[in-house]
Amino acid sequence: MQAHQPALWAAATTGMLVGAAMVSTSALSSAASPASLAFLRYAIGLAILAGPALLATWPRYRARDALAIALLGVAQFALLILLLNHALARLPASTCALVFATMPLFTWCLAALSGREPLGRRRLAGLALAVGGVAVLLLGSARAASGGGGAGSLGLLGGSGMAALLAATLVGAATSILYGPYMRRYPALPTCGLAMAASVLFLALYCSWQGQPLWPVFSATQWGHMVFVGLSSGLGYFCLLWALGRLQASLVIAFQALGPVTAALLELALHQRLPSPALLAALVLVLAGLVVSTQAAAR
Numbered sequence: 001m002q003a004h005q006p007a008l009w010a011a012a013t014t015g016m017l018v019g020a021a022m023v024s025t026s027a028l029s030s031a032a033s034p035a036s037l038a039f040l041r042y043a044i045g046l047a048i049l050a051g052p053a054l055l056a057t058w059p060r061y062r063a064r065d066a067l068a069i070a071l072l073g074v075a076q077f078a079l080l081i082l083l084l085n086h087a088l089a090r091l092p093a094s095t096c097a098l099v100f101a102t103m104p105l106f107t108w109c110l111a112a113l114s115g116r117e118p119l120g121r122r123r124l125a126g127l128a129l130a131v132g133g134v135a136v137l138l139l140g141s142a143r144a145a146s147g148g149g150g151a152g153s154l155g156l157l158g159g160s161g162m163a164a165l166l167a168a169t170l171v172g173a174a175t176s177i178l179y180g181p182y183m184r185r186y187p188a189l190p191t192c193g194l195a196m197a198a199s200v201l202f203l204a205l206y207c208s209w210q211g212q213p214l215w216p217v218f219s220a221t222q223w224g225h226m227v228f229v230g231l232s233s234g235l236g237y238f239c240l241l242w243a244l245g246r247l248q249a250s251l252v253i254a255f256q257a258l259g260p261v262t263a264a265l266l267e268l269a270l271h272q273r274l275p276s277p278a279l280l281a282a283l284v285l286v287l288a289g290l291v292v293s294t295q296a297a298a299r
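At position 2 of the sequence shown the residue is numbered 2 (UniProt numbering), and the sequence of numbers has no breaks.
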């Protein structure tokens, strides 16, 4: 397992960056459309990766592989984020991160059904613990909103926001599995640059078709959030793809369970409140689930 420590840390970094980026994206949702936010997110992320990617040694991609990587990039970087931004405009960031963290279960089920990964009770137990932590935090958030008169926002869980969120989670699970063969065949940095460039081009065309501005009017604080989201996207997805080339997809995506805990902690810090018992219980369950999953993978 020590040989896989860097990949595990990369996967954990991705999970935490996803949660932090959701908080910043939620703060921007009233200032720009989901399409504009998605374009800026990956335009900044691509700019961050452009220098190192251009200096890296690029492999000779097969035409079929390059097309597949570009299409996966459009799905994961464009379609997924459009759906996620739609949900973040309608639901709290911590709620979105909670549901999005069920991606490990989707990934494990898809990998098992396709025969890419073996069935394992210990792995399933670890994922169940992590998802259980997500459920505890979700229930705690629902009770707090109900007691504070905010039940209306959580009532949107049954509407378009939840539908978009579940669709984004399924897209993320499927693309994470499909990326595996390409990440074992090609280096992560050029492949990440190729996938992200395809998504930026797609999002630019989509914004033009929808009549949405590529550069919305933001305040200085909002630009700070936007730059952070772009930075987290560039670094986070490089870490994700690098880890996918070294670990099983379901193990890498299991670290997405750190997202809701990160988002909840940041929202608590912004509102200067002490952690709730539900948050502490969720943190214990999520960390326990990650430990069980990584130990099972080592066996």
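Quick reminder that beta carbons are idealized off the backbone N, C-alpha and C, glycines included.
Since residue i and residue j are thought to touch, with beta carbons under 8 Å apart, how far apart are those beta carbons, to the nearest angstrom?
i, j, result
"G193", "A97", "No, G193 and A97 are not in contact; Cβ-Cβ is about 27 Å, not under 8 Å."
"A198", "L241", "About 14 Å; that fails the 8 Å criterion."
"G289", "L80", "Not a contact, Cβ separation roughly 23 Å."
"A257", "V286", "5 Å"
Suppose the cutoff is 6 Å on Cβ atoms and the five residues either side in sequence are ignored; what does the same chain contact list for residue i look like?
i, result
"C239", "A10, T13, T14"
"P92", "none"
"A173", "M103, F106, T107, L110"
"L203", "A38, F39, A78"
"G158", "The pLDDT assigned to G158 is 42, lower than 50, so where the model puts this residue is not dependable, and the model offers no usable value."
"V200", "Y42, A43, L46"
"M16", "L258, T262"
"T175", "L72, A75, Q76"
"Y186", "P59"
"L265", "none"
"F255", "A11, A12, G15"
Taking the C-alpha atoms as reference points, what is the distance between residue i and residue j?
i, j, result
"G224", "T169", "27 Å"
"R184", "R62", "14 Å"
"R60", "L270", "47 Å"
"G73", "A31", "26 Å"
"L268", "D65", "44 Å"
"W215", "A21", "19 Å"
"A281", "G211", "45 Å"
"A140", "M162", "Correcting the residue identity first, residue 140 is Gly in this sequence and not Ala. The alpha-carbon atoms of G140 and M162 are separated by roughly 18 Å."
"L279", "R123", "23 Å"
"I253", "A125", "15 Å"
"A7", "C207", "35 Å"
"V131", "A101", "7 Å"
"V136", "V99", "12 Å"
"P213", "L129", "43 Å"
"M196", "L165", "21 Å"
"A50", "L251", "28 Å"
"Q222", "G236", "20 Å"
Should residue i go down as buried or exposed, given a rule of 16 or more other Cβ atoms within 10 Å for buried?
i, result
"V284", "exposed"
"L205", "exposed"
"E54", "Looking at the sequence provided, one finds Leu at residue 54 rather than Glu. Exposed, by the Cβ-count rule."
"R121", "exposed"
"S233", "buried"
"residue 301", "Lying before the first or after the last residue shown, residue 301 is absent from the chain, which here runs from 1 to 299."
"M1", "Interpretation of M1 is limited by its pLDDT of 49, a score under 50 that renders its predicted location unreliable; no figure is taken from the coordinates."
"T57", "exposed"
"Q5", "exposed"
"P260", "buried"
"P277", "exposed"
"S114", "exposed"
"S33", "buried"
"S293", "buried"
"V134", "buried"
"V171", "buried"
"G149", "Residue placement at G149 cannot be trusted, given a pLDDT of 46 that sits under 50; the coordinates are not used to answer."
Note down, in chain order, each residue of its chain lying with its Cβ closer than 7 Å to the Cβ of residue i, except the 5 sequence neighbours on either side.
i, result
"G180", "L244, A249"
"V291", "none"
"residue 300", "What is shown of the chain runs 1 to 299, which leaves residue 300 out entirely."
"F218", "A31, M226"
Quick one: what's got a C-beta closer than 8 Å to residue i's C-beta in the same chain, skipping five residues either side?
i, result
"A167", "L83"
"L231", "I44, G45, I48"
"Q182", "Per the sequence shown, the amino acid found at residue 182 is Tyr instead of Gln. Cβ within range, chain order: D65, A68, I69, L72, T191."
"P52", "L189"
"S160", "H86, R90"
Just checking residue i against the ligand GTP - is the residue's beta carbon closer than 7 Å to any of the ligand's heavy atoms?
i, result
"L37", "Looking at this structure, you won't find the ligand GTP or any other ligand, since it has none at all."
Taking only beta-carbon positions, decide if residue i is within less than 8 Å of chain C.
i, result
"G15", "Protein chains in the displayed structure number just one, and chain C is not present."
Next item on the list: Mind the definition here: the segment 71-90 touches the segment 20-30 only if three or more C-beta pairs lie below 8 Å; say whether that holds.
Entry: Output reads yes: the segment 20-30 touches the segment 71-90.
Note to self: Taking 8 Å as the cut-off, does the segment 213-231 touch the segment 36-49 (at least 3 CB pairs, one atom from each stretch)?
What the structure shows: Touching, per the Cβ criterion.
Notebook entry, point to check: How about the segment 242-262 and the segment 62-71: do they share at least three Cβ pairs that are nearer than 8 Å?
Noted result: Taking 8 Å as the limit for Cβ pairs, the verdict is that the segment 62-71 does not touch the segment 242-262.
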